[in-house]
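Basically the working numbering = 1-based index in the sequence shown + 658. Cβ coordinates follow ideal geometry from the N, Cα and C atoms, glycine included. In this text, all values refer to a predicted model and were calculated from it rather than measured experimentally. Reviewing the structure listed below.
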Amino acid sequence: MKINISLFVTLPFLLMMTGCTHSNYIEDELKIDDSEEEFSYLTDLSEEELKSYELFTREYDTNYLKGFSPEKTLLIYIHSAVIDDIEGIYSLTYFHGELPDFDTFKEKYYENLNNSNLEIALDFRYYDSIKTKQEDSNGLLVELMVSYGRLTASTLMGLKKEKDTWKIEIPDLLQN
Numbered sequence: 659m660k661i662n663i664s665l666f667v668t669l670p671f672l673l674m675m676t677g678c679t680h681s682n683y684i685e686d687e688l689k690i691d692d693s694e695e696e697f698s699y700l701t702d703l704s705e706e707e708l709k710s711y712e713l714f715t716r717e718y719d720t721n722y723l724k725g726f727s728p729e730k731t732l733l734i735y736i737h738s739a740v741i742d743d744i745e746g747i748y749s750l751t752y753f754h755g756e757l758p759d760f761d762t763f764k765e766k767y768y769e770n771l772n773n774s775n776l777e778i779a780l781d782f783r784y785y786d787s788i789k790t791k792q793e794d795s796n797g798l799l800v801e802l803m804v805s806y807g808r809l810t811a812s813t814l815m816g817l818k819k820e821k822d823t824w825k826i827e828i829p830d831l832l833q834n
C-alpha cells in the first residue's frame, strides 16, 4: 500500500513539473517572436536623412534629397511604392527628362508599374546588399540583392540625375 501511495503522490508531482517547464518554454518563445522589429526600407537612413525625407514628403520637393546617394534614393522610391505614396513616386521618377502630368502618370502607373514595384518591394524586403553596379554618362544601375538559403536574386534599376537629385528611370510601359 505504501508503494501505491508514493506513486500516487509522485506521479502527479512529476506531471505538474513537466507542465510548468513546458509553459515556461512557450513563454520564452513568445518573447523572442514579440521582439522582432518591423522591416522598413528607410532603416539605413541617418537621422538627418530621415528629417530631409520627412520634409520631402510634405512638399514633394526633391531639393530636400540633394546629396542622397543613388542607393538611398532607390530605397525611398521602393518605400514610397510600399506605402502607396504616388506623389513621392512621381517626384522620384525620371522619364526621358519630362514626366506627363500627375493624373496621367497616376493612371499609367497603376495600370503598368504598381504591381511590379510591389513585387520588387516584397521580393527584396530583407535585401542583403544594395550597390551601384554600372555607371556611365547616361546614368547608373543600382543592384539590389537578396539571398534565400542557397538561392540569390537580384534586380537592377536605372537612375538618372536631374537637378542634382537621383531619380529612378521607368520603363517605356508608361507610354501605353
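Where residue i falls, given that 16 or more other Cβ within 10 Å makes a residue buried
| i | result |
| --- | --- |
| Phe697 | exposed |
| Ser693 | Bear in mind that the predicted position of Ser693 carries a pLDDT of just 46, short of 50, making it unreliable; the figure below should be weighed with that in mind. Exposed, since its Cβ has fewer than 16 Cβ neighbours within 10 Å. |
| Phe760 | exposed |
| Thr823 | buried |
Those residues which DSSP pairs with residue i across a bridge
| i | result |
| --- | --- |
| Thr720 | None; Thr720 has no bridge partner. |
| Tyr748 | DSSP, once it has assigned bridges, lists no residue as partnering Tyr748. |
| Ile826 | Thr751, Leu817 |
| Glu765 | Bridge partners of Glu765: none, in fact. |
Own chain partners of residue i with C-beta closer than 6 Å, once the 5 adjacent residues on each side are dropped
| i | result |
| --- | --- |
| His737 | Tyr699, Leu700 |
| Ala811 | Val804 |
Where the beta strand (DSSP E) through residue i begins and ends
| i | result |
| --- | --- |
| Glu756 | Note, Glu756: premise wrong, no beta strand (DSSP E); not H, not E. |
| Asp702 | Run containing Asp702: none; DSSP gives neither H nor E here. |
Cut-off 8 Å between Cβ atoms - residues of its own chain near residue i, not counting five sequence neighbours on either side
| i | result |
| --- | --- |
| Ala739 | Ile747, Asn772, Asn775, Leu776, Ile778, Ala779 |
| Lys825 | Thr720, Thr731, Leu750, Thr751, Tyr752, Leu817, Lys818, Lys819 |
| Thr676 | The pLDDT assigned to Thr676 is 49, lower than 50, so where the model puts this residue is not dependable, and the model offers no usable value. |
Among the options, nearest to residue i - alpha-carbon criterion
| i | options | result |
| --- | --- | --- |
| Ser795 | Thr715, Lys819, Ser812 | Lys819 |
| Tyr745 | Glu756, Thr715, Lys766, Leu757 | Just to set this straight, residue 745 is Glu in the shown sequence, not Tyr. With distances taken between Cα atoms, Glu745 lies closest to Thr715. |
| Leu703 | Asp786, Phe726, Glu717, Tyr722 | Phe726 |
Range covered by the alpha helix (DSSP H) that runs through residue i
| i | result |
| --- | --- |
| Tyr735 | 728-740 |
| Ser795 | Counting along the chain, Ser795 falls outside any alpha helix (DSSP H), and DSSP gives it neither H nor E. |
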